[in-house]
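Using UniProt numbering, the letters of the sequence shown map in sequence onto residues 1 to 103.
For glycine and all other residues, C-beta sits at the position ideal for the given N, C-alpha and C.
Only a predicted model underlies this, so the values are computations on that prediction, with no experimental measurement involved.
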Amino acid sequence: HLPMEQRGEAVDSLVYEANARILDPVYGCVRVIAELQHQLLAAQEQLAIVRAEIAWCRSRELFQIEKHSHQGDAATEDKARPTEMENLQFDFPFTELDLALDM
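In structure tokens form, the structure reads like this:
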């Protein structure tokens, strides 16, 4: 037996599941759950990409700050040449386009 305060939610859930079964007799609400899980996975992947990009930007910024604090103004011609860190290219496993195509 369900407590009184949970019975309304239980009825709502049963109605939702029944309507989902009418719309999709084979999968019912399971299809909706699978779609939501796919969307969640895509959002988590996109979040991981953004976090990696933020970390890369922060490390680059810290590198630039440290580089300039040690360099001073004496070597102005050295500032025109890219450093090893500036030449690095980072490949992220997913792009925004990849994520959009998955949806």
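DSSP places L14 in the uninterrupted alpha helix (DSSP H) bounded by 4-23.
Cα atoms of Y16 and L23: separation of roughly 11 angstroms, rounded to the nearest angstrom. Taken through DSSP and simplified to helix, strand or coil, H38 comes out as helix. Taken through DSSP and simplified to helix, strand or coil, H1 comes out as coil. Annotated three-state conformation of V30 is helix, per DSSP.
The Cβ-Cβ distance between A20 and V32 falls below 8 angstroms. For the pair G28 and R7, the Cα-to-Cα distance works out to about 22 angstroms.
Excluding the 5 residues flanking it on each side, V50 has no same chain C-beta neighbour closer than 6 angstroms.
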